[in-house]
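Numbering-wise (our numbering), the sequence shown opens with residue 96 and increments by one.
The C-beta atom is built at its ideal place from N, Cα and C for all residues, glycine as well.
Reviewing the structure listed below.
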Amino acid sequence: MESKYLTNIAKYSPVYHGSQIQTSIWPQLPLARRASVMVLLFLGKMGELRVILTRRSKKLRAFSGHISLPGGKADTLDESEWDVARRETEEEIGISADDDYLKSHSGFTIHKINTLPAYLSRTFLGVRPCVGFIDFHHASNKAISSILLNPGESSAIFSVPLKDFLQPKPRRYELKECLKQSYIKTKWGGIPWNLRSFIFPIHNPHEVPWLESIQDLSSEEDETEQDMEFGEKTRNVWGLTANILRDLAMLTYGGSKHFHELVGEEDLIHSLATVGKQMQGRPRSEFEKTMTNNRRGVGFDQVLPEHEVQRLKTLYSVI
């Protein structure tokens, strides 16, 4: 049973701004720049930790059709990261944010395990991943009957093994369901950046029945290069979602004693907000717009002093 690895997540002590600050920059950000996602774990058929993922609706303006974790922006300044993640999870896939209701009506609760440091999205949001675990309380029917996709938010829901996000893959570990991993170290605005990709099959015999039975609201898509390579329909977990799950997998199965990489982009967010005077709310600055569009020749050195850019380059080059 991989539930034993949850203690590694629970024991993890986040590092904020080079260990000089004890709390995240997230509560200091304007409301319009606060977001969080729910990393919802549960035990699969073979006792493996699995994570719930969704496919964003084609109706959404931002990142439509992408594979993502349930989540979104904060509605009020009073909402904590966990509050946001639970509310958005209920809105997107129907799992109530009220644990008393879940326990009395469905026989399970969601335990809060930990909250990871903030990641910087390409749209200049501070995104905090909240890690929760679905506890079925030894119920004989280990299923979630309340899942209902919101067609305006999500078009599909599925799960994959958390362990398949280990990257670099341990020498003796064979990927369970992931068909292919890839990793490129690149730069965004002159700062080192990680581009990761994890390809999974759409039709998965290892999926739990209570997720397999949820109707896929996605329309038929054009065949991708990955589909042609593997001869079947696939899903690509990449971008921010891939980085979050990779970091969590490394932490979960390695433990904080063996995982020394910096998690998230708290330092970069802190510098942008306090030194660069960015991430100030709505609307986005012209600099942020050009960075979001990845315009050539635009870099963080336009809003941050040279010494700070160099510090960030050194900090993120070791990841």
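For this session: Please work out which residues of its chain come closer than 6 Å, Cβ to Cβ, to Pro287, disregarding the five sequence neighbours upstream and downstream, and give them in chain order.
Result: Excluding the 5 residues flanking it on each side, Pro287 has same chain C-beta neighbours closer than 6 Å at Tyr411, Ser412, in chain order.
For this session: With a cut-off of 8 Å on the beta carbons, I'd call Thr149 and Ser249 a contact; round off their distance for me.
Result: The C-beta distance from Thr149 to Ser249 rounds to 4 Å, short enough to meet the 8 Å contact threshold.
Exercise. Excluding sequence positions up to five away, which residues of its chain have a Cβ less than 7 Å from the Cβ of Ala344?
Worked result: The answer, listed in chain order, is Leu257, Lys258, Phe260, Leu261.
Exercise. Nearest-angstrom Cα distance between Gly166 and Arg182?
Worked result: Our two residues, Gly166 and Arg182, have alpha carbons roughly 8 Å apart in a direct line.
Problem set entry | 8 Å contact criterion, which Phe395 and Gly285 should meet: CB distance rounded | Confirmed, about 6 Å.
Problem set entry | Close beta carbons around Pro304, own chain, < 8 Å, minus the five adjacent residues each side | In chain order, Ala238 place their CB closer than 8 Å to the CB of Pro304, counting only its own chain and leaving out the 5 sequence neighbours on each side.
Exercise. Exposed or buried, what is Gly359 when buried is set at 16 or more other beta-carbons lying within 10 Å of its beta-carbon?
Worked result: By the 10 Å Cβ count, Gly359 comes out buried.
Exercise. DSSP on Arg391, reduced to helix/strand/coil?
Worked result: For Arg391, the three-state secondary structure derived from DSSP is coil.
Problem set entry | Buried or exposed by the 16-neighbour rule on C-beta atoms within 10 Å, applied to Val370 | Flag for Val370 reads exposed.
Exercise. In whole angstroms, what is the alpha-carbon distance linking Ala169 and Glu187?
Worked result: About 14 Å.
Problem set entry | Own chain residues within Cβ distance below 8 Å of Leu274, not counting five before or after | So the list reads Ile294, Phe295, Pro296, Gln321, Phe325, Thr329, once near-sequence residues are dropped.
For this session: Measure the alpha-carbon distance for Thr171 versus Ala213 and round it to whole angstroms.
Result: Across the structure, Thr171 and Ala213 are spaced so that their CA atoms are roughly 18 Å apart.
For this session: Give me the Cα-Cα distance between Asn338 and Lys106, rounded to the nearest whole angstrom.
Result: So the alpha carbons of these two residues sit roughly 20 Å apart.
Exercise. With distances taken between CB atoms, is the gap from Met386 to Arg128 smaller than 8 Å?
Worked result: In this structure, Met386 lies away from Arg128, with their beta-carbon atoms at least 8 Å apart.
Exercise. The alpha helix (DSSP H) spanning Ile294 covers which residue range?
Worked result: Taken as a continuous stretch (DSSP letters only), Ile294 belongs to no alpha helix (DSSP H), being part of the beta strand (DSSP E) at 286-296.
Problem set entry | Phe382 - DSSP class collapsed to helix/strand/coil | The DSSP-derived three-state label of Phe382 is helix.
Problem set entry | Contact under 8 Å by Cβ, Val146 with Val134 | Yes. Within cutoff.
For this session: Confirm, please, whether the CB-CB distance from Thr347 to Asn103 is below 8 Å.
Result: Less than 8 Å divides the Cβ of Asn103 from the Cβ of Thr347.
For this session: Flag Asp230 as yes when its Cβ comes closer than 7 Å to any non-hydrogen atom of the ligand MG, and as no otherwise.
Result: Looking for the ligand MG in the displayed structure turns up nothing, as the structure carries no ligands at all.
Exercise. Start and end of the alpha helix (DSSP H) containing Pro304?
Worked result: Unbroken alpha helix (DSSP H) run through Pro304: 304-307.
For this session: Could you spell out where the alpha helix (DSSP H) holding Asp194 opens and where it closes?
Result: Note, Asp194: alpha helix (DSSP H), 194-201.
Exercise. Does DSSP put Ser108 in a helix, a strand or coil?
Worked result: Residue state for Ser108 is assigned as coil, using DSSP reduced to three classes.
For this session: Classify Ala213 as helix, strand or coil using the three-state DSSP reduction.
Result: Under the three-state reduction of DSSP output, Ala213 falls in the coil class, being neither helix nor strand.
Problem set entry | Range covered by the alpha helix (DSSP H) that runs through Gln405 | Unbroken alpha helix (DSSP H) run through Gln405: 401-412.
Exercise. Since Val332 sits in a beta bridge, which residues does DSSP pair it with?
Worked result: Under DSSP, Val332 forms a beta bridge with Phe293.
Problem set entry | Continuous alpha helix (DSSP H) stretch holding Ala180: start and end | Start and end: 176-188.
Exercise. When burial is assigned at 16 or more other CB atoms within 10 Å of the CB, is Ser308 buried or exposed?
Worked result: Exposed is the call here.
For this session: Can you tell me which of the three DSSP states Tyr268 falls into?
Result: In this structure, Tyr268 counts as coil in the three-state DSSP scheme.
For this session: Evaluate His365 with the Cβ neighbour count: other Cβ atoms within 10 Å of its Cβ, from every protein chain shown; 16 or more gives buried, anything less gives exposed.
Result: When all chains shown are included, His365 counts as buried.
For this session: Could you check what DSSP says for Phe354 in three-state terms: helix, strand or coil?
Result: If DSSP states are grouped into helix, strand and coil, Phe354 belongs with coil.
Exercise. Buried or exposed: where does Asp342 fall if 16 or more other Cβ atoms within 10 Å of its Cβ makes it buried?
Worked result: By the 10 Å Cβ count, Asp342 comes out buried.
Problem set entry | Buried or exposed by the 16-neighbour rule on C-beta atoms within 10 Å, applied to Gln310 | Exposed, by the Cβ-count rule.
Problem set entry | Sequence-distant residues of the same chain with beta carbon closer than 7 Å to Ser191, five excluded per side | Closer than 7 Å at the Cβ level, and outside the excluded window around Ser191, lie Glu185, Leu197, Ser241.
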